[in-house]
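Structure, as structure tokens:
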Amino acid sequence: MDDASNSTAIPKKKLHTYLEELFKKKSSVRENALRILVKQFQTNVHYEFVENNFVTLIHRCQNCLKRGSALEIDLALQLIGFVVLTLGAGDNAHEVYEELLMLVPELLIKSKLSHAIKVFECLSIVTSVGATDFVDTERSMEIIWQFLNQETKHPSSVAAAAISGWVLLLSGIDRWNVSPKKWKESIPFLLKQLEEDDEHVNVASIEALALIFEIGSLEKFSNQAREYASMKDMKDGIMEHVKRVCNGTKQDTSKILEDDYDKTVTLTLGRTSLTFSTWSKLKQMSYIRKFLGNGFKNHMMENEHLHNVFHFAPATKCSDDLELYKPEFEEVVFRVFVPEVRRENCANRIHKSHNSLLSKGRTKLRNKYRSLAEETKAGYIADEELD
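Listed below in structure tokens is the structure:
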């Protein structure tokens, strides 16, 4: 992907200039460079630049996290998330994940609690990309869970961000891999959060319950499973509790927990439609969409990692003045030297055999036409149904 592929992109030399400014001693210079880099990586896919400057970008961001101003810390956390999301899964993303886990505890101490929302966003995005398996994912989930269960009451905005990040990570774990012991307090905790008089905390908690219902295996998420005769009874009991504590706006939101709730959402990106029908994919899409903001569409069209996550293939673009042509006539021509005495015996092998050069040449030509036809169709298709 070319850095200049989008009209709003700045030249590569400018990106390098701002990267160099992250080495400056003056805090205001670093803050300005981070602000511009964040904006650029949010709105455009700079894959080549990230690939070539990955180590420098991450190390400078980590330096800002350790020694920078409050603004530098927030911007560096954002930039790390954008860099990893651009780079996609692999060894580099996993390296960032491992190093971030060591920095998070220090960033979540009381004196730096103002950074908590950005910390959870960065941790959730980096883990969703860089985790190699469900064990890695649950390590990050445990960090968030321990924070949520501290005796100190956290601001509602911070609690909502933590729950939302935890839900994103849970959405990437298969039901069979969910730990049968680590999350026994989940459902009781979430039900308690519904008693809070804060819309954001309520919505995040209900989203978490919806995903847990979709995953199933409710016994993994509650220490009260033995009190019920069946999982259906347990779910009914949870729903009764939800209805009891939810009223007004909360009652409307809680409807997503009902079995007959239609959760299908369709996004139209360019000339391609993308349909979501599970809470796990809906959560991943909504979280990444919020994180990318105005850059969501550009990233969905150009970011290969997001194409893989959402099984999304944008329709091929064809400009009005550019068409795909195929020749009116092509033929297969080849020359074979055959001695005079063998010509009659070789005629059938040359012209009629399935393994002959002539037959292979015709097959190659047909494949060429087929490929050209598929490209033409992709260029003009208006809507494409994707699984």
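The sequence shown lines up with residues -16 to 370 when you count with the numbering used here. All C-beta atoms in this analysis are idealised placements derived from N, C-alpha and C, irrespective of residue type, glycine included.
Report back the beta-carbon spacing between residue i and residue j to the nearest angstrom; my notes put them in contact at under 8 angstroms.
i	j	result
Ser188	Leu173	5 angstroms
Ile146	Ala191	6 angstroms
Ile100	Val150	15 angstroms between Cβ atoms; not a contact.
Val161	Lys203	5 angstroms
Gln267	Ser139	Actually they do not touch by this definition, with Cβ atoms about 24 angstroms apart.
Ser10	Glu78	That belief does not hold up - the Cβ atoms of Ser10 and Glu78 are roughly 27 angstroms apart, past 8 angstroms.
Tyr211	Gly220	6 angstroms
Asn36	Leu83	The Cβ separation is near 18 angstroms, so there is no contact.
Val228	Leu177	5 angstroms
Pro123	Leu152	Sequence check: residue 123 is Ser here, not Pro. At roughly 6 angstroms, the Cβ-Cβ gap stays under 8 angstroms, so Ser123 and Leu152 are in contact.
Asn206	Lys175	No, Asn206 and Lys175 are not in contact; Cβ-Cβ is about 13 angstroms, not under 8 angstroms.
According to the neighbour-count rule (16 or more other Cβ atoms, all chains shown, within 10 Å of its Cβ), is residue i buried or exposed?
i	result
Ile92	exposed
Val324	In this prediction, Val324 has a pLDDT of 49, which is less than 50 and means its spatial position is unreliable; what the coordinates show is noted afterwards. Label assigned to Val324: exposed.
Ser52	exposed
Asp243	exposed
Ser97	exposed
Ala296	exposed
Asp(-15)	Any answer about Asp(-15) is weak, because its pLDDT of 44 lies below 50 and its placement is not dependable; what the coordinates show is given next. Per the 10 Å Cβ criterion, exposed.
Arg43	buried
Thr247	exposed
Thr0	exposed
Val38	exposed
Glu311	Caution is warranted here: a pLDDT of 47 is assigned to Glu311, below 50, making its placement in the model unreliable, and the coordinate value is therefore given only provisionally. The residue is exposed, with fewer than 16 neighbouring Cβ atoms inside 10 Å.
Asp304	Its pLDDT being 43, under 50, Asp304 is placed unreliably in this model, and the coordinates cannot settle the point.
Met85	exposed
Ser260	exposed
Trp159	exposed
Ser213	exposed
Lys233	buried
Val184	buried
Lys309	Per-residue confidence for Lys309 stands at a pLDDT of 46, beneath the threshold of 50, marking its modelled position as unreliable; the derived number appears in the next sentence. Exposed, because fewer than 16 other Cβ atoms sit within 10 Å of the Cβ of Lys309.
Arg50	exposed
Phe6	exposed
Leu(-2)	buried
His294	exposed
Asp57	buried
Thr135	exposed
Glu306	With a pLDDT of only 44 at Glu306, under the threshold of 50, the placement of this residue in the model should not be trusted; the figure read from the coordinates follows. That one is exposed.
Ser302	Bear in mind that the predicted position of Ser302 carries a pLDDT of just 43, short of 50, making it unreliable; the figure below should be weighed with that in mind. Exposed: under 16 other Cβ atoms inside 10 Å.
Asn291	exposed
Tell me which residue opens and which closes the alpha helix (DSSP H) that residue i is part of.
i	result
Gln25	10 to 26
Cys105	99 to 113
Gly220	214 to 228
Asn35	30 to 50
His294	Counting along the chain, His294 falls outside any alpha helix (DSSP H), and DSSP gives it neither H nor E.
Asn372	Shown here, the chain extends from -16 to 370; a query on residue 372 therefore has no answer.
Ile127	117 to 131
Trp166	Element bounds for Trp166: n/a, residue is neither H nor E.
Thr69	53 to 70
Ile146	139 to 153
Is the Cβ of residue i closer than 8 angstroms to any Cβ of chain B?
i	result
Glu134	The chain inventory of the structure shown lacks chain B, comprising one protein chain alone.
Compute every distance between the C-beta of residue i and the non-hydrogen atoms of the ligand NAP, then say whether any falls below 7 angstroms.
i	result
Leu68	In the structure shown, the ligand NAP is absent, as is every other ligand, since no ligand is present at all.
Subject >> Every unbroken beta strand (DSSP E) inside the region 240 to 286 [3 residues or more] >> reply: Taking 3 residues as the shortest admissible run, the region 240 to 286 contains the following complete beta strand (DSSP E) segments, listed from N- to C-terminal end: 248 to 252, 255 to 259.
Subject >> Sufficient close CB pairs (3 or more, under 8 angstroms) joining the region 248 to 256 to the region 280 to 293 >> reply: Output reads yes: the region 280 to 293 touches the region 248 to 256.
Original post:
Fully enclosed by the region 183 to 214, which beta strand (DSSP E) runs are 3 residues long or longer?
Top reply: DSSP runs (the beta strand (DSSP E)) wholly in the region 183 to 214: none.
**OP:** Indicate whether the contact test is met: 3 or more Cβ pairs, each with one atom in the region 3 to 21 and one in the region 58 to 72, closer than 8 angstroms.
**Re:** Counting C-beta pairs with one atom in each stretch, the region 3 to 21 and the region 58 to 72 have three or more that are closer than 8 angstroms, which means they touch.
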